[in-house]
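Worksheet: the structure to be examined is printed underneath.
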Amino acid sequence: MVHTVVDRGTVGEASVFRDTYLKAYRGMVLARVLDDKLASLYRGGKIHGGVFLGRGQEALSVAVGLSLRKGDIFAPLIRDAAGRLAFGETVLDAVRTYMGSPLGPMRARDGNVHRGRPREGLFPMVSHLGAMISVVNGALLAHRFKGKAGTVGATCLGDGGTSTGAFHEALNQAAVERLPLILVIANNEYAYSTPTTSQFACENLVDRAIGYGVKGHSLEGNDLDACLKTLHTAVEQARSGQGPQLVVAKLLRLCGHGEHDDSNYVDPRFRTAPHGRDCLKVAEEHLLQQKWAEAKALETWRNEAIQKVEEAVAIVQREPTPDPYKENWCALSAKHLSEGYDEP
Amino acid sequence: MVHTVVDRGTVGEASVFRDTYLKAYRGMVLARVLDDKLASLYRGGKIHGGVFLGRGQEALSVAVGLSLRKGDIFAPLIRDAAGRLAFGETVLDAVRTYMGSPLGPMRARDGNVHRGRPREGLFPMVSHLGAMISVVNGALLAHRFKGKAGTVGATCLGDGGTSTGAFHEALNQAAVERLPLILVIANNEYAYSTPTTSQFACENLVDRAIGYGVKGHSLEGNDLDACLKTLHTAVEQARSGQGPQLVVAKLLRLCGHGEHDDSNYVDPRFRTAPHGRDCLKVAEEHLLQQKWAEAKALETWRNEAIQKVEEAVAIVQREPTPDPYKENWCALSAKHLSEGYDEP
Amino acid sequence: MSITYLEAIREAQAKALADDPRVYIYGQDVGAFGGAFKATKNLAKEFPGRVLDAPISEDAMVGSAIGAAIEGMRPIIEMQFADFSTIGFNQIVNQAASLFWRTNVTCPITIRLPGGGTSGGGPFHSQSLEAIYAHFPGLIVMTPATVEDAYSMLLEAVAIDDPVIFFEHKYLYYHLKAEKLPTEAMPTGKARIARAGRDMTIVAYSAMVHEALAVAEELATEGTEVEVVDLRSVKPLDTDTIMASVARTGRLLCVGESWPWGGVTAEVVARVSTEGFDLLDAPPQRLNAKDTPVPYHPNLWAAHRPTARSIAAAARNLLRL
Amino acid sequence: MSITYLEAIREAQAKALADDPRVYIYGQDVGAFGGAFKATKNLAKEFPGRVLDAPISEDAMVGSAIGAAIEGMRPIIEMQFADFSTIGFNQIVNQAASLFWRTNVTCPITIRLPGGGTSGGGPFHSQSLEAIYAHFPGLIVMTPATVEDAYSMLLEAVAIDDPVIFFEHKYLYYHLKAEKLPTEAMPTGKARIARAGRDMTIVAYSAMVHEALAVAEELATEGTEVEVVDLRSVKPLDTDTIMASVARTGRLLCVGESWPWGGVTAEVVARVSTEGFDLLDAPPQRLNAKDTPVPYHPNLWAAHRPTARSIAAAARNLLRL
Ligand SMILES: Cc1ncc(C[n+]2csc(CCOP(=O)(O)OP(=O)(O)O)c2C)c(N)n1
Ligand SMILES: Cc1ncc(C[n+]2csc(CCOP(=O)(O)OP(=O)(O)O)c2C)c(N)n1
Ligand SMILES: [Mg+2]
Ligand SMILES: [Mg+2]
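Going line by line, the protein sequences match chains A, B, C and D.
Going by this note's numbering, the residue at position 306 of the first sequence is 318; the numbering climbs one at a time, nothing skipped.
Going by this note's numbering, the residue at position 23 of the second sequence is 35; the numbering climbs one at a time, nothing skipped.
Going by this note's numbering, the residue at position 120 of the third sequence is 1466; the numbering climbs one at a time, nothing skipped.
Going by this note's numbering, the residue at position 207 of the fourth sequence is 1553; the numbering climbs one at a time, nothing skipped.
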């Protein structure tokens, strides 16, 4: 078992990498703009229930989404707008789910971050943290049964989510079956308000890799360069049969747990620490410095993102609300086996 | 965090250690004799349900029991007859529970290994593997709340039990709260019929310690000398505030999973491997070699153990069987809140 | 001064902590943050060292409470949502519920479960799980419907020597207000006649009590007097009070927010039919949430659970039977 | 040739594996060892790579089955004992049960739960947990009582596109024998008249069907003709067949091996009372296990669960009402 602490690998040619970087950056911008819009819709009372954003985590998330390809499995979590978009989720799916459109993939039955399209490899999360990991394992097991080689499955979790029994059982299961699972931990210092000191006592979560017999990677989660390279490496290793990969990124959540939360519990020192820097800013600086793009282009991309999001919101706002009389109120696919409870 | 692989510590003066060793050996003999008797009662149809023995694991188990003192907590598992006796459980409690005597601590409501006396620090296991660890944590938390310093809690688990979410949540909880927990893993190559290769993929379970930020100890579980010294060290470290201790012992179960199981799935090579040696034999050789005891004495001790067990069985065989009409059939201590379901 | 259902829960915990050194609180974000719903606001400051943040480990949270209870403590466990108690399920129903019966050692733990639906909550933040806990022997299941009961029953939960599953209804947290906290209370196990009436009995609990009361109000204008029984606890279930009410009215409608199969309404109707068959002038009726997960969108949610409107319709039907 | 209930389960799995390459089996010790009860004996050898030993990780076992089902497989999960399904509970009731409703993607998994009491089993190896699974929307809960049903219903469970909780009764494993395996079967959702009679209806399922049949036999010698309805599946529950039987007999006794609060008997009695009130000539009755954990000692166990003796007493009482 090799236990790499920082293992960035190589991502082909320099120009290829630049293209990936630009693509990733634009994905991050789109996710940020989408998140900002969702926040403003929330403040305007247009969203039912909570809103959970990925601000500050876009670099890591987008890298996960971009490192995957068609046929792979992705089970994102609450802060993965960027990864979802990169994997192929549409802005429309996101907005429809948040705004409760019956035309969205969840048909207003579930909302906000609980969305996906299993048939397209995008698994919709249940709320119970850690519960998606073994589901991804099962999908990978199915691929193995079906002789569908070379696919991988990625899923994301927070630092707090590592305390769940589900995390343990599933990572261990993946290790025993040597599944091509990429488990990405966003260690953002807090689980809701709870600091990591109340969540675990090891020095670095990546130290858990050895105890499962899986590969460990750790990285700065607000450095897009590191994220792209590390995820690329991890995914390639999983794809080539080297078993599960545990990726642990250090970063900071630059928003509340949900939009209802002012996160006043965050230690102000984190905000000025290196990992508290906004990954979008870090990437922008890198782009400009490398002369991969000019300020003007950044501006244009941002405006394009805004337009894309505004268009989606405009569409969804014209869509009908769900009609309870059109629901069949049946949880089974075998309709004939469902019980009709007539109302008295 | 220090991560010791073999850390035997010192157990006071040599003569003190000899006395401990002798005491431990006699405890092992008593446990073996008790187990043998239970096996023969089972074969004779005198026991309802399963019988689960600790053959081959007595050295490890007795060391756990002996390393504890009054006021400590012990939550043994299915193969811990030796540890239980060393901690203070009587042969009578064991036999009464196995034979379903209403005079036993479980009053025939529960049987076999599901026995204990919580008020005396001996927690009765539920069957669900891993579930006792957090219970011990809670007891230690209570001691902290009550300012009861210097007590520790020990609990045992098998290699298979480490795959449970309960194991993970509880060990992590102990680490976060820095509780004086000693978690002893008997890695006996199998969980029922399942080899460890289907249970975990790390090289050594003790490698998990670092991922929790707890101390790890590994040892040969059939070497009483190693068991006593390692457990002594682990318990002392826990007692002196150094947090949880993960002790992983390598050994072999020298019986079936239960007495119904002929364990024909055990790889014959294990039986002839060093860790497949009977710990009782190993201890005997050591005793004789060190001239700490003579063959005659061993014979005498064994006979004393047989007599003790036979006496207990004779007592229990004269005891009444439980009378369902004397049961109040009430699961609550607040009787007035229990629901009387009258039979129609 | 006025006090909400949520504040009453906070106050009860403050009093329990103040009165009894054996009490402590353990749950995710319950410490400095004061809990996801602020039910433990300021308690960590007021009672240093006795309100502890837990890792996201519901199994270990409950397990540790059991161990602490064995050693004489009286823990209060807060689950962030009732829905997440499924992770602590094994420790609750197998270890906590059976401890006294197995060992004669009591297990005085209180597990606070913020349950029930709210608009936009969705399938995993809305569940009403009282039935699955009530099914297991060894547990007490409380479902307070009023500010006063939220306060006094929580205090009683902490005082009871058995494990108590305490369902707080999230919809009532802010919606429900009272003038002041009670100084006296009905004992657990006693249902309350929330409104007297002679024409039919509606048995309800938790948030549904208020829907039932609205129906009683509405039907009163039509000359029908509905008696509303607030169960307060669903286990024990106060069959006597229900039966006495049905004896007066001859008609029973039982309403629950949880799923139909084996829910509170099944148990109530089964008890009244078996033990009070002759009291019934019409078939007993029940109304539950629909047999699907709880939907996210308010339109769907409102149609999924019973409301004053659907209860009123059921009540009118029952009067015609 | 004769075949036991346990062998029927093995044969059904062998047939499912042979007929459908999407089927695989996953559970503790199910591989080379053939399972704790030998329900998968030789299957690993006959179907290489398709019968996998799982680590002691019930949550991950079920979670992985869901993922595999999404990708087109039809997993069979064996829990070593039904009692340990509490560890996989969250994945079953929250993830598997809601998947189709949330996503329109089916979740064809079968979870085999060896349940029910046996002498000496004790509190954690004897539970009958059908009620808690039936409470959740999105699950089908089967409780076969015969060798034929064990076989054909398990095959149907694997074929159904929804998650099926398949309760096998451990007491029946070796006790129950049939001449041969069936080639035809009643569909799931249909109850079976296990014995016809005109004086009263006893509704039962799983092992209790046989106790009820013994009672019918006994009462027949006294001139009372008991009709025994075997529910086969408790969700869906075949209300029509029950109602038709009660329409014939006017008297209902429902018997279940699980705990009383909210069990199958509560649901059956509630349905009959609400929908078939006028069919009843006497109050409906129910008989369950006692409301404590399942005791270890055979003396206590025999008194804890309903038996032919206690059912007969209840039946005689009901005839007098
Ligand atoms: C099993 C479970 N328990 C509790 C919760 C409630 N909850 C939702 S998010 C959250 C904090 C998650 O923290 P972390 O895993 O660090 O992710 P982050 O929010 O920091 O991205 C909690 C406690 C849950 N979703 N699941
Ligand atoms: C949660 C849970 N799942 C399944 C079981 C059934 N079971 C009892 S003992 C056992 C094997 C345990 O193996 P291990 O932990 O290695 O202990 P050993 O028997 O080898 O001492 C299993 C699977 C259980 N008791 N608990
Ligand atoms: Mg976090
Ligand atoms: Mg083992």
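For each residue, glycine too, the CB sits at the ideal point set by N, CA and C.
Item: Contact set between A178 of chain B and chain A, taken where Cβ atoms lie within less than 8 angstroms; Value: G177
Item: Contacts around A343 of chain A, its chain only, beta-carbon distance under 6 angstroms, and the 5 residues preceding and following it disregarded; Value: none
Item: Cutoff 7 angstroms: E181 of chain B Cβ touching any chain A Cβ; Value: yes
Item: Span separating the alpha-carbon of G1484 of chain C from that of A1382 of chain D; Value: 29 angstroms
Item: Selection of the segment 1628-1646 of chain C by Cβ proximity to chain A, strictly under 8 angstroms; Value: Q1631, R1632, L1633, N1634, K1636, D1637, T1638, P1639, P1641, Y1642, H1643, P1644, N1645, L1646
Item: Within chain A, the residues that T1449 of chain D reaches when beta carbons sit closer than 8 angstroms; Value: P117, M118, G128, R129, P130, P136
Item: Run of the beta strand (DSSP E) containing N1450 of chain D, from where it starts to where it stops; Value: That residue, N1450 of chain D, is in no beta strand (DSSP E); it is neither H nor E in DSSP.
Item: Min CB distance E351 of chain A to chain D below 7 angstroms; Value: yes
Item: CB contact below 7 angstroms: P334 of chain B versus chain D; Value: yes
Item: When C:S1604, C:E1621, C:T1611 are compared against D1637 of chain C, the one with the closest alpha-carbon; Value: C:S1604
Item: Segment contact, 8 angstroms Cβ cut-off, at least three pairs: the segment 197-209 of chain A with the segment 1419-1431 of chain D; Value: no
Item: Secondary structure, alpha helix (DSSP H): runs of 4+ residues fully inside the segment 138-214 of chain A; Value: 143-157, 177-189
Item: Assigned exposure category for R131 of chain A - 16 Cβ within 10 Å defines buried; Value: exposed
Item: Close Cβ partners of L1577 of chain C (< 6 angstroms) along its chain, the five nearest in sequence each way excluded; Value: A1537, Y1551
Item: Cutoff 7 angstroms: S1474 of chain C Cβ touching any chain A Cβ; Value: no
Item: Helix, strand or coil at V63 of chain B [DSSP, three-state]; Value: coil
Item: Assigned secondary structure, T1489 of chain C (DSSP; H/G/I helix, E/B strand, else coil); Value: coil
Item: Where C1600 of chain C falls: helix, strand or coil (DSSP); Value: strand
Item: Inter-residue spacing [alpha-carbon to alpha-carbon] between K262 of chain B and L217 of chain B; Value: 10 angstroms
Item: Min CB distance F1393 of chain D to chain B below 7 angstroms; Value: no
Item: Cut-off 7 angstroms between Cβ atoms - residues of its own chain near D1336 of chain C, not counting five sequence neighbours on either side; Value: Here chain C covers residues 1347 to 1667 and nothing more, so residue 1336 of chain C does not appear.
Item: Inside the segment 1591-1639 of chain D only - beta strand (DSSP E) runs reaching at least 3 residues; Value: 1598-1601, 1631-1633
Item: Residue-chain proximity (P1401 of chain D, chain C), Cβ-Cβ < 7 angstroms; Value: no
Item: Where the beta strand (DSSP E) containing H229 of chain B begins and where it ends; Value: 227-232
Item: Which listed residue (B:L310, B:V321, B:S350) has its alpha carbon closest to that of Y37 of chain B; Value: B:L310
Item: Proximal residues, the segment 148-164 of chain A versus chain D, C-beta separation under 8 angstroms; Value: V148, N149, G150, A151, L152, L153, A154, H155, F157, K158
Item: Contact set for A1414 of chain D: own chain, Cβ-Cβ below 6 angstroms, skip 5 residues either direction; Value: P1421
Item: As assigned by DSSP and simplified to three states, the class of V18 of chain A; Value: Caution applies to V18 of chain A, whose pLDDT of 39 falls short of 50 and renders its modelled position unreliable; the model cannot decide the point.
Item: The segment 64-72 of chain B in contact with the segment 258-278 of chain B per 3-pair CB rule at 8 angstroms; Value: yes
Item: beta-carbon A203 of chain B near ligand 2 non-hydrogen atom, thresh 6 angstroms; Value: yes
Item: Near-chain D residues of the segment 1422-1446 of chain C - C-beta to any C-beta below 7 angstroms; Value: T1432, I1433, F1435, N1436, V1439, N1440, S1444
Item: Whole-angstrom distance between A1661 of chain D and A1331 of chain D, CA atom to CA atom; Value: The question about residue 1331 of chain D has no answer, for chain D in this structure spans 1347 to 1667.
Item: Own chain partners of G1543 of chain D with C-beta closer than 6 angstroms, once the 5 adjacent residues on each side are dropped; Value: E1571, V1572, E1573
Item: Contact under 7 angstroms by Cβ, M1407 of chain D with A154 of chain A; Value: no
Item: Check: G270 of chain A C-beta below 6 angstroms from any heavy atom of ligand 6; Value: This structure lacks ligand 6; the ligands present are ligand 1, ligand 2, ligand 3 and ligand 4.
Item: Distance, I1416 of chain C Cα to T16 of chain B Cα; Value: Only weak support exists for where T16 of chain B lies, its pLDDT of 39 falling under 50; the coordinates are left without a value.
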